[in-house]
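Novice:
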Amino acid sequence: MNEPTAYDYRCETAAVEVHHPTPIVPAHTAPMVPVQPGTIPAVASVVLTDGRVVTGYAIEPAKPEPVAAKPAVSRTAVNIALGGVGFLAVCGGLLMLTAFITALTVLVTQLVILAAVIFGGWIAVQVFSTSGHGGGTTVSIRKAVIKRNKFYG
Numbered sequence: 042m043n044e045p046t047a048y049d050y051r052c053e054t055a056a057v058e059v060h061h062p063t064p065i066v067p068a069h070t071a072p073m074v075p076v077q078p079g080t081i082p083a084v085a086s087v088v089l090t091d092g093r094v095v096t097g098y099a100i101e102p103a104k105p106e107p108v109a110a111k112p113a114v115s116r117t118a119v120n121i122a123l124g125g126v127g128f129l130a131v132c133g134g135l136l137m138l139t140a141f142i143t144a145l146t147v148l149v150t151q152l153v154i155l156a157a158v159i160f161g162g163w164i165a166v167q168v169f170s171t172s173g174h175g176g177g178t179t180v181s182i183r184k185a186v187i188k189r190n191k192f193y194g
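Residue 194 is where the sequence shown ends in the numbering used here, and the numbering goes up by one at each step.
Structure below.
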């Protein structure tokens, strides 16, 4: 990358610096200063191996948060079951609606047939009745005279 090319007039290369990391010596845990049982001091002191003393506040170890117990049945299964119950309820309602419409259709059909039978019977009685007065003019043909295709009655 630092090599000269036909279009690059820089012929010098940059000096490379190498940094070697300093190894860290693992620290040995120093014994804690004895503490009276049952009492926790506000400030704790630790003596290191080289004789230095480090003081600081006592920190309680982190307690893991309680894990919420999982329900025995997953929410997805409950939602699917509730959807099935709702679907069955709707289907039952639709089935009842269909049965009601069918019954209503049969009732209307029977009423139309009954009206046709009653009205047709009334018309038949009116047409075929032989009551005394028919409402028309009665002509006696015996006394009538027909001359030259003309009726004189």
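Backbone N, C-alpha and C fix where the C-beta goes; we use that ideal spot for every residue, glycine too.
Just so it is clear, the structure is predicted and the values come from calculations on it, not from any experiment.
What would DSSP say about Gly92, mapped onto helix, strand or coil?
Specialist: The sequence position of residue 92 within the sequence shown is 51, counting from 1. It is coil, neither helix nor strand.
Novice: Mapping DSSP to helix, strand and coil, what is Ala110?
Specialist: The residue given as residue 110 occupies position 69 in the sequence shown. Ala110: coil per DSSP, three-state reduction.
Novice: Indicate the three-state DSSP secondary structure (helix, strand or coil) for Ala103 in the structure shown.
Specialist: For this step, residue 103 is matched to residue 62 along the sequence shown. Coil at Ala103, not helix or strand.
Novice: Helix, strand or coil, according to DSSP, for Val57 in the structure here?
Specialist: For this step, residue 57 is matched to residue 16 along the sequence shown. Three-state result, Val57: coil.
Novice: Nearest-angstrom Cα distance between Ser86 and Ala110?
Specialist: In the sequence shown, residue 86 corresponds to position 45, counting from 1. In the sequence shown, residue 110 corresponds to position 69, counting from 1. Their Cα atoms are separated by approximately 40 Å.
Novice: Alpha helix (DSSP H) containing Val63: first to last residue?
Specialist: Position 22 of the sequence shown, counting from 1, holds the residue named residue 63. Val is not the amino acid found at residue 63; the sequence shown has Thr there. Neither: Thr63 is in no alpha helix (DSSP H) and is coded neither H nor E.
Novice: Taking the CB atoms as reference points, tell me whether Thr96 and Val108 lie closer together than 8 Å.
Specialist: As a first step, residue 96 must be located in the sequence shown, where it is residue number 55. As a first step, residue 108 must be located in the sequence shown, where it is residue number 67. Taking 8 Å as the Cβ cut-off, Thr96 and Val108 do not qualify as a contacting pair.
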